[in-house]
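A short worksheet on the structure shown next.
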Amino acid sequence: MQLFMIHLPTQLSDPKTFDTLLSHLDPPAQDRIRRYRLPADALRSAVGRLAPVWYLRTHELLPLTTAPQFGTTPKGKPVLLSPPPPIAFNTSHDGAYVLFGVEPAVSGTIGVDIMQYPEDVAEVEEGIADQLTRGEKAALAGSIDTTKRRRLVTGLWTLKEAYVKATGDGIGFGLDRIDVELDGDGQAQVVRVDGRDIAADGWRWALGSEVGPSGTYGWSVCWRGDEWSGQLQHVEWSDFTQFLTQSP
Numbered sequence: 010m011q012l013f014m015i016h017l018p019t020q021l022s023d024p025k026t027f028d029t030l031l032s033h034l035d036p037p038a039q040d041r042i043r044r045y046r047l048p049a050d051a052l053r054s055a056v057g058r059l060a061p062v063w064y065l066r067t068h069e070l071l072p073l074t075t076a077p078q079f080g081t082t083p084k085g086k087p088v089l090l091s092p093p094p095p096i097a098f099n100t101s102h103d104g105a106y107v108l109f110g111v112e113p114a115v116s117g118t119i120g121v122d123i124m125q126y127p128e129d130v131a132e133v134e135e136g137i138a139d140q141l142t143r144g145e146k147a148a149l150a151g152s153i154d155t156t157k158r159r160r161l162v163t164g165l166w167t168l169k170e171a172y173v174k175a176t177g178d179g180i181g182f183g184l185d186r187i188d189v190e191l192d193g194d195g196q197a198q199v200v201r202v203d204g205r206d207i208a209a210d211g212w213r214w215a216l217g218s219e220v221g222p223s224g225t226y227g228w229s230v231c232w233r234g235d236e237w238s239g240q241l242q243h244v245e246w247s248d249f250t251q252f253l254t255q256s257p
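What the sequence shown shows, in the working numbering, is residues 10 to 257, in sequence order.
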C-alpha cells in the first residue's frame with residue numbers, strides 16, 4: 010500500500026495550468042468540475058480525479074499518449090479498468106491537501122479520508138452524535154482539552170469514512186455500525202463492524218495528522234492488501250503537475 014499527500018497551491022500561478030489539467034479528463038468530468046463556484050473547490054476536485062493518472066504516469070504504467078480507462082464497482086466505487094495490472098485507489102481532499110491511497114494487490118481495496126481539525130469541535134461532535142457508538146460517546150465524555158478532543162473526533166470520523174469508502178458502501182452503510190476504540194493519542198486499537206473485529210478479516214488501518222498552512226488536518230486510511238511502510242509520501246505541486254502538463 011502506498012499513501013500520498015498532494016500539496017495544493019493557494020492559487021495557480023498560470024491560469025492555463027487548470028485547463029491543461031482538465032484536458033486529461035473526459036468532457037462530462039470537465040463540465041462537472043467547471044460548475045464549481047469557487048476555484049479552490051474546482052482545483053481540489055480536479056486533482057482528486059487526476060491523482061490516479063499522475064500515479065500511473067510517474068510509475069511508468071501509462072504512456073503519455075494513452076488515457077486510462079476507469080469504471081465503477083456494482084456499489085459505484087471507481088476502479089481502474091486499463092492499463093493492467095489492476096490497482097485499487099481512493100482519494101479524499103480538504104483545504105490544502107489531497108490524500109491519495111493506492112493498493113496494488115489484485116484482491117485489495119482501500120479507502121482514505123482527510124479532514125481539517127474543526128474549529129468548533131463541540132458543534133461537529135453534536136452533529137455526528139447519531140453516527141457514534143455508545144463506547145465512542147463514552148470515550149468523548151468528561152473533561153478533555155480542546156486539542157485532544159479535535160484529534161479524537163477527527164480520528165473517529167475519518168476512520169469510519171475510510172472504511173465505508175474502502176468497502177464502497179458509503180455513509181448509507183450506517184457509521185454507527187462501526188465501533189472504533191481510540192487510545193489517548195488518538196490511535197485506533199480495535200475497529201469492529203457489527204461487533205466483529207475487522208482485523209480478523211484482513212483489514213488494516215492507520216491514522217495520522219498533518220500541520221498545514223491553514224491548520225491541522227487529520228487523516229485515516231483503511232485497506233486490505235499489502236503492508237504499508239508507514240511512510241506518508243508528500244507530493245509538491247510542481248512534482249504533481251510535471252507529468253500532467255507535458256505534451257505528447
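Heads up, the beta-carbon is just placed ideally off N, CA and C, and yes, glycines get one too.
Counting only the Cα atoms, E145 lies some 44 Å from A76.
Among the bridge pairs identified by DSSP, Q196 is matched with none. Less than 8 Å separates the beta-carbon of W228 from that of D122. P87 carries a strand assignment under DSSP once its states are collapsed to helix, strand and coil. In the structure shown, F249 falls within a helical segment according to DSSP collapsed to helix, strand and coil. In the three-state reduction of the DSSP assignment, W166 falls in the helix class, which pools H, G and I.
Counting only the Cα atoms, E69 lies some 20 Å from M14. Counting along the chain, Q240 sits inside no alpha helix (DSSP H), nor does DSSP assign it H or E at all. Counting only residues of its own chain and dropping the five nearest sequence neighbours on each side, P61 has a CB closer than 6 Å to the CB of F98. Assignment of beta-bridge partners to Y226 by DSSP yields Q125 and E219. By the Cβ-count criterion, E236 is exposed, with fewer than 16 other Cβ atoms from all chains shown falling within 10 Å of its own Cβ. In this structure H243 is exposed. Its beta-carbon is surrounded by fewer than 16 other beta-carbon atoms within 10 angstroms.
Counting the other CB atoms within 10 Å of its CB gives Q11 a total of 16 or more, which places it among the buried residues. Membership of V133 in the alpha helix (DSSP H) is indicated by the continuous run V130 to G136. Considering only V162, T100, D103 and P93, the residue with the shortest C-alpha distance to E132 is V162. The C-alpha of T176 is placed about 21 Å away from the C-alpha of G217.
Taking C-beta atoms as the reference points, T26 and T250 count as a pair closer than 8 Å.
Taking D203 as reference, the option from D192, E219, D185 and A209 with the minimal CA-CA separation is D185.
Taking 8 Å as the cut-off, the Cβ atoms of K174 and V189 do not count as close.
Under a 10 Å Cβ-count criterion, L90 is classified as exposed, with fewer than 16 other Cβ atoms of the shown protein chains found around its own Cβ. If you check the CB distance, L52 and Y106 do not come in under 8 Å. Excluding five sequence positions before and after S116, the CB atoms of its chain that fall closer than 8 Å to its own CB belong to R233 and G234, given in chain order.
When the Cα atoms are used, L71 and D40 turn out to be separated by approximately 24 Å. Excluding sequence positions up to five before and after T67, its CB lies within less than 6 Å of the CB of F252, all in the same chain and listed in chain order. Beta-bridge pairing by DSSP links R205 to V202.
When DSSP reads this structure, H102 sits in a beta bridge with V107.
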